[in-house]
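Asks: Residue numbers (our numbering): 8 to 435.
Idealized CB from N, CA, C, for every residue including glycine.
This structure is in structure tokens; I'll ask about it shortly.
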Ligand code: SDX
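Below, the structure is given as structure tokens:
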């Protein structure tokens, strides 16, 4: 077996360096040993946006972008979407193993009994304008929970980390539903502990005068699967934010508020909202070729297409497309679906997209389903955040128990001025 290393020659000095390869990577510290002399700081890898660099080792999610593979703790996403539930998947992501029956029952009970939020949260929500974007409300309210649970700062205690993880998983649907109710001027609906995770969320979202809101089973299952599909995705932008903030040992509430803020961006979790706006703007199947032309001319992005890692069809998008059919059976077909299907048909055979390896990602079809399920467009990234809470907390827990990790503090390549003389105002 050939030695797991590379040998490089620094042509500035003629010196050779043999750098070990571990887990398919070379360590930046070994690159830093390449110096021209004792006063040289040493070489660094330059990786804007971390492209082609690994910031951590992880066992949470595995993605093979070329083959379109996604696994949570080694379990293929297709199996989990078909056979699991969101809470079972959340346990899997957090603990690394599928739960036994009694473990899942206990976990479900813990989550169910933490769905209430402090009544003062209502005063916080009432401070927002009626048309405040629900992601702005979500980010603020998750951060505010930090003030209700000061013990959450004891992040080195695994029991504390677990109880805060349960609280966040349990309260995200409540905050999300109340943000929605606030936008409509409707009274907040308290959690109902007789209901399961998804039923309770929909009950808090949609109950009016009836005693208990009862979703159609196909709709209930669709939400569960959508939460599973959005649960984790290794070192995406918001997971990186969770790790970056978490590395300073901030409490999990303000840390996750930062992750949710990253998710809000239109290039990340905000894309599903942008997809619906794009489809509505196109307006008709006949106008798809013209829009594709705009994308080719770089006048617009094809929202819901492309991915930093997937250079093949996002496996989640395939599953979501199948769920769409099941949901539309119940809700009626979303007319924007025809535009989306035509966009996909043309893009998948168009040189521009083929050469750039642009395929539908998780956001391309999810918005169509949410819209058909009466979720307002502005709530789409909030739906993403409910599912991704499991992943953010799994990444955060892994960060805090990883001996390789410390406070995140990248270096830079300074290209600015040096040692300039101060110039008095009269001379400027
Ligand atoms: C999510 O990281 C994750 O895992 C994220 C996520 C998760 O689960 O956490 O999967 C969820 O965020 C999915 C992505 C949702 N965002 C969008 O759908 C927005 C549209 N997509 C693009 O903005 C883009 O594809 C990104 C941001 C998703 C990825 O961008 P990269 O990897 O930085 O690639 P790039 O921007 O450098 O693009 C490479 C080329 C460029 O052209 P050139 O400059 O080489 O000529 O492809 C082009 C881009 O212009 N391109 C697109 C495009 N995406 C990339 N052109 C048109 N439409 C697009 N959607």
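(1) Cα separation between residue 95 and residue 76?
(2) Let's see if you can read the secondary structure: which residues bound the alpha helix (DSSP H) around residue 301?
(3) With respect to the beta strand (DSSP E) encompassing residue 206, which residues constitute its N-terminal and C-terminal limits?
(4) So the beta strand (DSSP E) residue 71 belongs to, where does it begin and stop?
(5) Once DSSP output is grouped into helix, strand and coil, what is the label at residue 17?
(6) In three-state terms, what does DSSP make of residue 273?
(7) Please identify the residue among 327, 184, 53, 78 whose C-alpha is closest to the C-alpha of residue 66.
(8) Quick check: is any heavy atom of the ligand SDX less than 7 Å from the C-beta of residue 164?
(9) Please determine, among 404, 243, 258, the residue with the shortest C-alpha to C-alpha distance to residue 272.
(10) Assign residue 258 to buried or exposed, taking buried as 16 or more other Cβ atoms, counted over all protein chains shown, within 10 Å of its Cβ.
(11) Taking DSSP as the reference, what is the three-state secondary structure of residue 32?
(12) Tell me whether residue 75 counts as near the ligand SDX, meaning its Cβ is closer than 7 Å to at least one heavy atom of that ligand.
(13) Could you pull the DSSP bridge partners for residue 77 from this structure?
(14) Where do the ends of the beta strand (DSSP E) carrying residue 25 lie?
(15) Classify residue 367 as helix, strand or coil using the three-state DSSP reduction.
(16) Give me the residue from 64, 20, 49 with the minimum Cα distance to residue 408.
(17) Under 6 Å Cβ to Cβ from residue 269, same chain only, skipping five residues before and after it: list those, please.
(18) So, is residue 233 buried or exposed, given that buried needs 16 or more other C-beta atoms within 10 angstroms?
(19) For the segment 159–236, list the alpha helix (DSSP H) runs that are entirely contained and at least 4 residues long, ordered along the chain.
(20) Strictly under 8 Å for the Cβ-Cβ distance: is residue 159 near chain C by that measure?
(21) How many Å lie between residue 401 and residue 173 at the Cα?
(22) Determine the burial state of residue 239: buried for a count of at least 16 other Cβ atoms within 10 Å of its Cβ, exposed for fewer.
(23) Any contact between the segment 141–161 and the segment 173–185? By contact I mean 3 or more CB pairs, one from each, below 8 Å.
(24) Could you check which residue in 331, 260, 330, 98 has the C-alpha nearest to that of residue 115?
(25) What whole-angstrom Cβ distance do residue 293 and residue 366 have, given they're in contact under 8 Å?
(26) Given that a residue counts as buried once 16 or more other Cβ atoms are within 10 Å of its Cβ, and exposed if not, what is residue 255?
(27) So, are the CB atoms of residue 235 and residue 87 less than 8 Å apart?
(28) Using C-beta distances below 6 Å, list every residue in its chain close to residue 124, excluding the 5 sequence neighbours before and after it, in chain order.
(29) Within 10 Å of its beta-carbon, does residue 299 have 16 or more other beta-carbons around it, so buried, or fewer, so exposed?
(30) Hey, out of 56, 383, 231, 384, whose CA is closest to residue 92's CA?
(31) Examine the ligand SDX and report whether any of its heavy atoms sits within less than 7 Å of the Cβ of residue 87.
(32) Do residue 188 and the ligand SDX come close, with the Cβ less than 7 Å from some heavy atom?
(33) Alpha carbon to alpha carbon, how far is residue 412 from residue 373? Give it in angstroms, no decimals.
(34) Hey, which unbroken runs of the alpha helix (DSSP H) at 4 residues or more fall wholly within the segment 105–151?
(35) According to DSSP, is residue 65 helix, strand or coil?
(36) Mind checking whether residue 223 and residue 384 have CB atoms under 8 Å apart?
Replies: In brief:
(1) 21 Å
(2) 295–303
(3) Run containing residue 206: none in the beta strand (DSSP E); it sits in the alpha helix (DSSP H), 204–213.
(4) 68–71
(5) In the structure shown, residue 17 sits in a strand (DSSP, three-state: E or B).
(6) coil
(7) 78
(8) no
(9) Comparing Cα-Cα distances from residue 272 to each of 404, 243, 258, the minimum goes to 243.
(10) buried
(11) strand
(12) The answer is no for residue 75.
(13) 70
(14) 22–27
(15) Residue 367 falls in the strand class under three-state DSSP.
(16) Ranking 64, 20, 49 by Cα distance to residue 408 puts 64 first.
(17) 244, 245, 248
(18) Residue 233 should be labelled buried.
(19) 165–191, 204–213, 224–236
(20) No chain C is present in this structure, which holds just one protein chain.
(21) Residue 401 and residue 173: Cα-Cα distance of roughly 12 Å.
(22) buried
(23) Result yes; three or more Cβ-Cβ pairs closer than 8 Å.
(24) The closest CA to that of residue 115, considering only 331, 260, 330, 98, is found on 98.
(25) Incorrect: roughly 24 Å between the Cβ atoms, too far for contact.
(26) exposed
(27) yes
(28) Here the set comprises 178, 181.
(29) buried
(30) 231
(31) no
(32) no
(33) 35 Å
(34) 108–119, 127–133
(35) coil
(36) no
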